[in-house]
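Under the numbering used here, think of the first position of the sequence shown as 19, with each following residue one higher. For every residue, glycine included, the Cβ atom is placed at its ideal position computed from N, Cα and C.
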Amino acid sequence: MTYFKKQVNYSNQWAVKKREKQFPFLCESEKIEREKQFVCVRERRVRMSDWGPVFVAVVLFVLLSPGLLVQIPGKNRIVEFSTLQTNGLSIFVHSVIYFALIAIFLLAIDVHVYLG
């Protein structure tokens with residue numbers, strides 16, 4: 019049973035030792051739980067970095083550049099292909115589409131690519 023609910027950074031061993039000196043009345047289960055948290059933090063440091071969001075953002079940015087593959091709305095028609103021209107409205111429409119696809123891929127589908 020703890021009387022103090024204080025957030026302690028368990029990745030810092032000095033803070034753990036200081037807490038043990040301040041609160042020697044911690045029960046054994048809390049010490050075990052604290053050690054699990056410490057090990058979990060150490061494993062996260064060793065884990066590879068997640069490049070999924072970076073790749074998704076770059077690919078969508080290139081593919082949704084107005085005028086590169088498609089331009090919505092175009093100058094003469096609603097949809098024009100490979101015109102390499104743009105206007106303010108098409109930039110706005112492409113940015114809304116980009117935001118929607120980024121939200122779907124990163125939040126709903128949760129794309130992950132681990133490298134390194």
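Asked                                                                                                                                  : Found
Please tell me whether I90 and V77 are closer than 8 Å, where the distance is taken between their beta carbons.                        : no
From the DSSP output, in three-state form, read off L107 for me.                                                                       : helix
Against chain B, with Cβ distances strictly below 8 Å, would P84 count as a contact?                                                   : In the structure shown, chain B cannot be found, because there is only a single protein chain.
If you count every other CB in all the chains shown that lies within 10 Å of the CB of S108, and 16 or more means buried, which is it? : buried
When you compare only the Cα positions, how much space is there between R95 and V80?                                                   : 22 Å
How big is the Cα-Cα spacing for V88 and Q103?                                                                                         : 10 Å
Would you list the residues sitting across from D68 in a DSSP beta bridge?                                                             : Y132
Per DSSP, which residues does E98 bridge with? Please list them.                                                                       : Q89
Expressed to the nearest angstrom, what Euclidean distance is found between the alpha-carbon atoms of V114 and E51?                    : 45 Å
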